[in-house]
Every structure is written in C-alpha cells, then in structure tokens.
Amino acid sequence: GDSVTQMEGPVTLSEEAFLTINCTYTATGYPSLFWYVQYPGEGLQLLLKATKADDKGSNKGFEATYRKETTSFHLEKGSVQVSDSAVYFCALSDLRGSNYKLTFGKGTLLTVNP
Amino acid sequence: IAGITQAPTSQILAAGRRMTLRCTQDMRHNAMYWYRQDLGLGLRLIHYSNTAGTTGKGEVPDGYSVSRANTDDFPLTLASAVPSQTSVYFCASSEFLTPGRQYFGPGTRLTVL
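Listed in order, the protein sequences are those of chains A and B. Remember, the numbering used here sits 33 above the position in the first sequence when you count from 1. Remember, the numbering used here sits 121 above the position in the second sequence when you count from 1.
Structure representation (structure tokens):
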C-alpha cells in the first residue's frame, strides 16, 4: 500500500538558518504530493503541492520538488523565521487507488529560535 | 466563511460512555473525513464519506461510527469510549476534483478516563 516516510524530529534551528525536511514515498499509481503545516493549537493547512513529476510546489518561501526517480518530495526553505515553528506533514494522494484519501507521514516538529 | 467547525473543543469522558463529535462544513464539499492524531503516529484516517449518504472505513475504524445524512454534517460517534481513544480528532473536507487538497477543522481534544 501507499506510505510516506519523513525525517523524524524534532528539528531545532536558529532564525535565518536553512531548512530541509526529507520525505520519501511509496505508491502504486501516480500520486500527487503535499506538504501540510500545523501551527500550535490549530488544524492542518495546506502549505504546497505538486501533482506530477518534476513539478515544484512553493509557498511562503518554502519549496519542494516532485522527484519521481528518487520517490522524494523534500521540503526546503532558505531562511526560516520564528513564525515557521510548527509540525510539518508530508502526504500523498494516489488518484488511481484511494481516490479520496491522503496518506500522511508522521510529522516533523520544527522549532526556530530567535 | 467559517470553513469547518468542530464541537466540542475538548472533552473529558468516562470510559464506557457514548460520545458524538460534531463536524460541520459550509463549503459544500463532497468528501469529508475523520482523523485521529497521536504523538509519534501522525494522522490516521478513521472514516470517510465521498458524498452524502455514503461512508467508508479508514485505517482505524474500530470503535467508531459515522453518518452522512447531508452534505454539511459528518458526526463521529464513539459508542462505548475506551482510554485508547484518547486523542485529538480532526475533521476535514475536500472537493471532488481536488481530493488531496483537504481543509481541516480546529480539532477536538478527547480524554477518556
């Protein structure tokens, strides 16, 4: 079945540091890939997405590129801010299989210190 | 636009009691979902509904039931709560053509003693 593996946290960075959170996936079809973010005390919200190989999703300075050859979708940001402190979830939606369901990774807690 | 609302915000419940978590969306989305979030386990799908009148089982459906009488409401019922159901519960919805793009409610924190 489909699965998502993301790097375990917690990740602690200083403000303006470079961020990478690794994500790899296993899917039987042609999945769309997503990064969701959960700020403290809130529900998840979509951060960015990519629907096919070599697509780059971007939002709020975050980027991730859909790499089919390495089955990866790593999240990056060049300069993190304190306000980026949150839990980040990588997810996939396989449109050939479970049409209406997302498969999530376990989440990575990011803490950014001033 | 409220999006998705959930009630209650939090609840402490005695084991064996029945509890219904409420979820309402005002976006007219076809699909709705219930997840539970546990530390170290991420989000796990409990039940889902692709359209009003239909429901399906997710990854961890045991001990939970749902109904979808109309487009807007998707209640989750614990018939006889057990301590292992202590968790944060999130409701979500999505449109038919963009199933991966889900909108989440603020969550219900449930503690079963």
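Glycine included, C-beta positions come from ideal geometry on N, C-alpha and C. Please read these numbers as outputs of a predicted model, since none were measured by experiment.
Query, Result
"Where does V203 of chain B land, buried or exposed, given buried means 16+ other C-beta within 10 angstroms?", "exposed"
"Ordered along the chain, which non-local residues of its own chain (more than five positions away) have a Cβ less than 8 Å from that of T176 of chain B?", "H168, Y169, S170, V187, S188 and R189"
"Output, in chain order, the set of chain B residues within a Cβ distance shorter than 7 Å of S65 of chain A.", "G221"
"Under 8 Å, Cβ to Cβ, is there at least one residue of chain B near G94 of chain A?", "no"
"Give a yes or no on contact between the region 137-145 of chain A and the region 35-48 of chain A, applying the rule of three or more CB pairs nearer than 8 Å.", "yes"
"Rounded C-beta distance between G184 of chain B and L199 of chain B? I'm assuming under 8 Å.", "6 Å"
"Indicate whether the contact test is met: 3 or more Cβ pairs, each with one atom in the region 96-104 of chain A and one in the region 70-79 of chain A, closer than 8 Å.", "no"
"If we ignore side chains and look at the alpha-carbon of each, how far apart do C212 of chain B and F106 of chain A end up?", "25 Å"
"Since S215 of chain B and Q223 of chain B should fall inside the 8 Å C-beta cutoff, what is the C-beta to C-beta distance between them, to a whole number of angstroms?", "5 Å"
"Please state whether DSSP places D147 of chain B in a helix, a strand or coil.", "coil"
"Measuring only between beta-carbons, confirm whether G140 of chain A sits less than 8 Å from chain B.", "yes"
"Short of 8 Å in beta carbon distance, which residues of its chain neighbour K89 of chain A, apart from the five on each side in sequence? Order them along the chain.", "A83, E96, A97, T98 and Y99"
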